[in-house]
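For the sequence shown, my numbering gives the first residue as 1, with consecutive numbering after it.
Where is the CB? At the ideal position from N, CA and C, for every residue including glycine.
Input: a single structure, listed below in structure tokens.
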Amino acid sequence: MGLSNIAIAFFMEAYSGILRRDNFSELKKVTTQVLIVIAFMSIYLYFSGYGPAFSRTVFIFVTLITIPTDYLLRTLLKQYLREHNNEKRALLILTSSDIAEKVVGKMKSDLYNEYEIKGVILIDTDRYANAYAARKIVDDGIGGAVVEGAGIRAEDVDNNVVLSGTDTEIPVVDGSEKEMLSDDAYEIAGIPVVCTFNDIFNFMQNRWVDGVFIHVSKQYDVPQEFSDGCLEMGITTHTNLSTVDKMGQTLAVEKIGGYVVLTSAIRVATTKQLFIKRMMDIAGSVVGLILCAIFTVTIGPIIYIMDPGPIFFSQERVGKNGKRFRLYKFRSMYMDAEERKADLMEQNQMQGLMFKMKDDPRIIGSGPDGTKHGIGWFIRKSSIDEFPQFWNVLKGDMSLVGTRPPTVDEWKQYEAHHRARLAVKPGITGLWQISGRSEITDFEEVVALDLQYMKEWSIGNDIVILWKTIVTVIQMKGQ
């Protein structure tokens with residue numbers, strides 16, 4: 001019965017959106033699942049010949065016990081998830097000033113609370129955004145510079161920050177009069193208005209933003225160019241259905257913060273698909289970490305002997321929608337590799353925001369004549385240096401298949417269309433790695449392959465990419 005219960009729960013997606021359901025809806029969901037399981041078991045026992053061994057009383061008793069028990073367990077699970085939800089997604093709210101207080105308050109009070117609200121943007125006024133910019137400038141200081149942005153000009157005059165705004169409601173203040181810019185001047189229901197509507201793309205470009213919730217009054221129109229721009233950047237939009245006109249790409253109807261919304265994204269995956277992908281990641285990372293442990297014992301000492309220092313290399317990278325994490329690899333380069341990178345930029349073979357050299361002298365074992373030998377070249381050629389990333393996969397920072405995670409410096413130079421490649425979790429491997437991983441020299445080609453992967457994504461495609469990656473690694477066609 002246990003296995004049938006698990007199987008039916010999976011196919012019914014019994015735990016999909018569990019935090020969104022109220023108590024009565026949860027009870028109906030539990031009752032339906034239990035009755036289906038009982039019916040399935042009855043049919044199985046009848047055809048297997050074991051039916052006479054179980055009376056109707058037994059089935060009634062099991063049903064009456066299972067329904068409240070399952071309901072109680074789900075209630076406890078929901079309470080635990082709400083208290084320990086550390087994987088919230090970063091959300092911006094685009095609204096209008098006449099309903100902003102109501103919309104933000106409703107989103108904040110939602111028990112499901114899957115999102116962390118990072119800021120509000122008002123479509124009809126710049127006043128709040130100007131006040132926020134002014135307050136940030138006063139609080140942070142400008143170090144003698146002149147700063148202009150969001151309708152604010154800030155200048156250091158005799159060690160005081162003097163502000164002037166294009167909006168007459170913003171007073172001219174200095175550093176001793178911060179109280180003139182109170183929290184109420186730029187916050188709505190405790191959430192700051194972070195930028196003007198016209199500056200929203202500049203604000204989102206190099207920040208962690210998973211999605212934008214759109215709910216404006218009917219007298220305001222959100223330009224189609226806004227949704228198009230978000231899609232180009234790989235940012236998901238959730239539009240309250242009462243304000244929907246037209247949208248593009250992949251669409252799905254969802255419920256967020258008590259609102260029924262139309263979600264538009266490059267690719268909307270179902271809960272079942274995401275669950276299967278995550279299970280593949282966990283299974284693959286466990287196997288990968290076992291191999292990583294073996295390599296640590298056998299290859300780690302050689303790395304240390306060839307170039308004393310840590311055998312692991314760690315670096316801050318940018319993950320899904322701008323969320324930063326620390327990536328791990330076996331160290332294949334000398335300890336001063338990052339310092340020497342600036343001197344080698346002229347020899348970069350990549351066109352765009354990536355660095356790659358065919359004969360990189362920073363790799364352990366590189367000879368002065370350009371010869372390639374030693375442990376550094378071996379672990380890169382065999383892709384052994386990538387195995388510690390299975391720890392990132394197990395943690396959930398990365399996936400087995402995805403896009404290459406950029407460095408922070410690369411991320412800061414991204415243009416809007418580059419950002420879209422981070423609409424999914426970065427991966428150890430991906431479409432561009434198996435499409436001539438050592439031959440591609442144009443970053444725009446990498447971006448195009450990443451977008452192709454996202455638009456055509458499926459579990460089957462991931463399996464194909466994993467298989468081709470294994471073949472590539474066995475043939476030692478690494479970089």
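Proximity to residue i [Cα-Cα], best of the options
i, options, result
"residue 457", "270, 189, 474", "270"
"residue 463", "455, 431, 66, 74", "431"
"residue 293", "76, 106, 384", "384"
"residue 188", "107, 443, 417, 218", "107"
"residue 318", "209, 338, 237", "209"
"residue 474", "379, 71, 122", "379"
"residue 389", "194, 315, 115", "315"
"residue 283", "125, 396, 412", "396"
"residue 34", "70, 48, 190, 197", "70"
"residue 429", "450, 442, 123", "450"
"residue 105", "192, 241, 404", "192"
"residue 75", "272, 21, 228", "21"
"residue 230", "444, 47, 92, 60", "92"
Euclidean distance between Cα positions of residue i and residue j
i, j, result
"residue 409", "residue 117", "26 Å"
"residue 465", "residue 100", "45 Å"
"residue 468", "residue 39", "44 Å"
"residue 63", "residue 472", "53 Å"
"residue 213", "residue 68", "37 Å"
"residue 335", "residue 278", "35 Å"
"residue 415", "residue 203", "12 Å"
"residue 418", "residue 233", "7 Å"
"residue 224", "residue 239", "12 Å"
"residue 219", "residue 470", "56 Å"
"residue 263", "residue 119", "19 Å"
"residue 181", "residue 303", "Here the model assigns residue 181 a pLDDT of 44, short of 50, so the residue's position is not dependable, and the following value carries that caveat. Distance between the alpha carbons of residue 181 and residue 303 is about 56 Å."
"residue 442", "residue 448", "10 Å"
"residue 257", "residue 222", "20 Å"
"residue 95", "residue 255", "17 Å"
"residue 323", "residue 407", "12 Å"
"residue 402", "residue 445", "15 Å"
"residue 43", "residue 72", "27 Å"
"residue 245", "residue 109", "Because the pLDDT of residue 245 is 49, which lies under 50, any placement of that residue in the model is unreliable, and the number read from its coordinates should be weighed accordingly. Straight-line Cα distance between these residues: approximately 27 Å."
"residue 320", "residue 281", "16 Å"
"residue 382", "residue 476", "5 Å"
Whole-Å CB distance - residue i paired with residue j, under 8 Å assumed
i, j, result
"residue 289", "residue 394", "7 Å"
"residue 490", "residue 266", "Outside the shown range of the chain, which is 1 to 479, sits residue 490, and nothing can be said about it."
"residue 306", "residue 364", "5 Å"
"residue 387", "residue 291", "6 Å"
Cβ neighbour criterion (16 or more within 10 Å) applied to residue i
i, result
"residue 286", "exposed"
"residue 176", "Low local confidence applies: a pLDDT of 38 at residue 176 is under 50, so the model's placement there is unreliable, and no value is given."
"residue 24", "exposed"
"residue 57", "exposed"
"residue 392", "buried"
"residue 80", "exposed"
"residue 172", "Caution is warranted here: a pLDDT of 42 is assigned to residue 172, below 50, making its placement in the model unreliable, and no coordinate value can be reported."
"residue 190", "exposed"
"residue 103", "buried"
"residue 200", "buried"
"residue 329", "buried"
"residue 373", "exposed"
Residues bridged to residue i [DSSP beta-bridge criterion]
i, result
"residue 187", "192"
"residue 427", "399"
"residue 92", "119, 212"
"residue 240", "261"
"residue 333", "363"
C-beta neighbour in chain C for residue i, strict 9 Å
i, result
"residue 193", "Considering every chain present, this structure includes no chain C. It has just one protein chain."
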